[in-house]
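The sequence shown maps to residues 306 to 403 in this note's numbering. Note that beta-carbon positions come from the ideal geometry of N, C-alpha and C, so glycine has one too.
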Amino acid sequence: MTENKEIAPCGVICKECEEFERSCGGCNSLEGKVAWVPIIGKEVCPLYDCPVNGHKYKSCGECSELPCQMFKELRDPAMTDEEFEKSIRDRLNVLRER
306 MTENKEIAPC GVICKECEEF ERSCGGCNSL EGKVAWVPII GKEVCPLYDC
356 PVNGHKYKSC GECSELPCQM FKELRDPAMT DEEFEKSIRD RLNVLRER
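Printed below as a string of structure tokens:
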């Protein structure tokens, strides 16, 4: 299902995002330096930095702590609680399929 799509380390399917290829090349190609991270005071998305740079994993899916506190708390403020909960479930499913 997702095998031909760009998948970020956190399980986001990049090609499903309206910003992909318009203003964003995807987390993997940008090494986590996506446009919105300065808003949270970072240079690299924490959900890229932790697995890839910190643990040398390909994704959060390799971590025994998934879903960790950061995975459950880092969110798009425009999402409702219900949308965010669905996003977590969807990303966990993508990571488990890998």
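For isoleucine 345, the number of other beta carbons within 10 angstroms of its own is below 16, and it is reported as exposed. The segment 313-324 and the segment 358-365 touch, with three or more beta-carbon pairs separated by less than 8 Å. If you compare the alpha carbons of Glu402, Arg403 and Lys377 with that of lysine 391, the shortest gap goes to Lys377. Alanine 383 and cysteine 322 have their alpha carbons spaced roughly 14 Å apart. If the five residues before and after arginine 380 are omitted, its C-beta is found closer than 6 Å to the C-beta atoms of Phe389, all from its own chain and listed in chain order. Excluding five sequence positions before and after valine 349, the CB atoms of its chain that fall closer than 8 Å to its own CB belong to Glu336, Gly337, Lys338, Val342 and Asn358, given in chain order.
The residue among Cys368, Leu352 and Leu371 with its C-alpha nearest the C-alpha of asparagine 333 is Leu352.
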